[in-house]
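Chains as they are written, first to last, in the working numbering: chain A, 1 to 115; chain B, 116 to 225.
Here's the structure we're looking at; comments come further down.
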Amino acid sequence: ETGVTQTPRHLVMGMTNKKSLKCEQHLGHNAMYWYKQSAKKPLELMFVYNFKEQTENNSVPSRFSPECPNSSHLFLHLHTLQPEDSALYLCASSQGLAGYLYEQYFGPGTRLTVT
Amino acid sequence: GQQLNQSPQSMFIQEGEDVSMNCTSSSIFNTWLWYKQDPGEGPVLLIALYKAGELTSNGRLTAQFGITRKDSFLNISASIPSDVGIYFCAGQNTGNQFYFGTGTSLTVIP
């Protein structure tokens with residue numbers, strides 16, 4: 001595998017379900033990010049991790065819970081989501097200081113539908 | 116709050132034509148990046164700009180970091196069908212906050 005991978009690519013879940021999104025980067029980067037992409041809106045940064053430490057949480061509701069066990073893996077745990085949480089969730093990684101825009105590389109995303 | 120205004124929102128062009136799009140911000144930026152996103156995929160980095168006035172090319176793509184540091188431009192020359200997609204800019208201001216534009220949807224008509 002190369003680059004940034006995300007699984008699953010598509011996910012349909014009910015509002016009472018619990019699921020997790022997984023991201024893995026094979027680039028040797030030290031920073032990882034979760035973004036939400038909704039139609040006709042700019043990318044919304046959700047969480048930033050640098051060397052496994054969370055450095056940013058952009059007022060994301062607690063029904064989204066990130067986990068970064070090491071610099072190569074990032075998870076987004078989901079529970080009791082709302083229909084408005086349906087979106088494309090993108091993971092990205094970068095080298096250098098987390099939070100800097102230096103050349104973030106994105107995964108293909110997980111298309112999430114909440115029913 | 117800070118906004119990145121990207122224009123145009125969409126473009127329909129004939130194959131072979133040149134394309135121009137731009138992003139403007141309300142504050143000074145230190146970094147501009149341009150990405151392309153195909154349907155169902157994540158954004159792919161095209162060009163990164165780190166200095167005011169910088170002009171950088173990547174094949175048929177050329178991007179410029181505006182002298183005022185509040186804008187950036189992306190040009191695509193001699194468009195081809197595979198240029199279809201959504202192009203968006205991203206920028207980081209002097210407070211290290213970064214923002215993404217809403218994208219320019221490009222359709223190339225063969």
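Quick reminder that beta carbons are idealized off the backbone N, C-alpha and C, glycines included.
Here the structure is a predicted model, which means the values were calculated and not measured.
Report back the beta-carbon spacing between Glu-103/A and Leu-160/B to the nearest angstrom; my notes put them in contact at under 8 Å. Indeed, because the Cβ distance is near 6 Å, the residues count as touching under 8 Å.
Are the Cβ atoms of Leu-45/A and Leu-81/A separated by less than 9 Å? no
Output yes or no for whether 9 Å exceeds the beta carbon distance between Leu-76/A and Phe-47/A. yes
So, does the CB of Tyr-214/B fall closer than 9 Å to a CB anywhere in chain A? yes
Neighbouring residues, chain A, relative to Leu-119/B (Cβ below 9 Å): Pro-42
Need the endpoints of the beta strand (DSSP E) that Asn-70/A sits in, please. DSSP places Asn-70/A inside the beta strand (DSSP E), whose first and last residues are 64–70.
Going by the DSSP bridge assignment, what does Met-13/A pair with across the sheet? Val-114/A
Per DSSP, what kind of secondary structure is Ser-93/A in: helix, strand or coil? Reduced to three states, the DSSP call for Ser-93/A is strand.
Chain B contact for Leu-117/A (CB, 9 Å cutoff): Nothing in the structure corresponds to residue 117/A, since chain A is present only between 1 and 115.
Looking at chain A, is there any beta carbon in it that lies within less than 9 Å of the beta carbon of Glu-169/B? no
With the cut-off set at 9 Å, would you say Ser-194/B and Gln-124/B are in Cβ contact? no
May I ask which residues mark the beginning and end of the beta strand (DSSP E) holding Glu-130/B? Run containing Glu-130/B: none; DSSP gives neither H nor E here.
Residue span of the beta strand (DSSP E) that contains Asn-50/A, given as start and end: 44–50
So the candidates are Asp-85/A, His-10/A, Leu-88/A, Ser-72/A; which of them puts its Cα closest to the Cα of Ala-31/A? Ser-72/A
Within 9 Å of any Cβ in chain A, is that where the Cβ of Leu-148/B sits? yes
Would you call Ile-162/B buried or exposed, if buried means 16 or more other Cβ atoms sit within 10 Å of its Cβ? buried
Can you find a C-beta in chain D that's less than 9 Å from the C-beta of Glu-130/B? No chain D is part of this structure, whose protein chains are labelled A and B.
Asp-186/B in three-state terms, based on DSSP: strand
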